[in-house]
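Everything below concerns the one structure shown next.
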Amino acid sequence: VNIKAYISDTQHFIDKGDLVRAFEAVVWAWAWLEIGKDVGVLEDKS
Numbered sequence: 377v378n379i380k381a382y383i384s385d386t387q388h389f390i391d392k393g394d395l396v397r398a399f400e401a402v403v404w405a406w407a408w409l410e411i412g413k414d415v416g417v418l419e420d421k422s
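Numbering (the numbering used here), first residue to last: 377 to 422.
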């Protein structure tokens, strides 16, 4: 899953004024980020 694509989609929908779809895209990006952390594929840099 390409989290950056969901972030890009979010900006696209914001630019089009489609805030519902922008919100959906950012939620998907956040969900995949959390899933990646939970399964150990991603980690916090802090």
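We put the beta carbon where it would ideally sit given N, CA and C, even for glycine. From a predicted model like this one, the values you see are computed outputs, not experimental measurements.
Give the single residue among the options whose Cα lies nearest to the Cα of residue i.
i: A401; options: E410, E419, H388; result: H388
i: Y382; options: I411, G416, V403; result: V403
i: I379; options: S422, I411, G393, L395; result: I411
Considering only residues of the same chain and omitting the five flanking positions on each side of residue i, which have a CB-CB separation below 6 Å?
i: R397; result: F389
For residue i, count neighbouring Cβ atoms within 10 angstroms of its own Cβ and tell me buried if that reaches 16, exposed if not.
i: A407; result: exposed
Rounded to the nearest angstrom, what separates residue i and residue j at their Cα positions?
i: D391; j: A405; result: 18 Å
i: S384; j: D394; result: 14 Å
i: K421; j: V377; result: 20 Å
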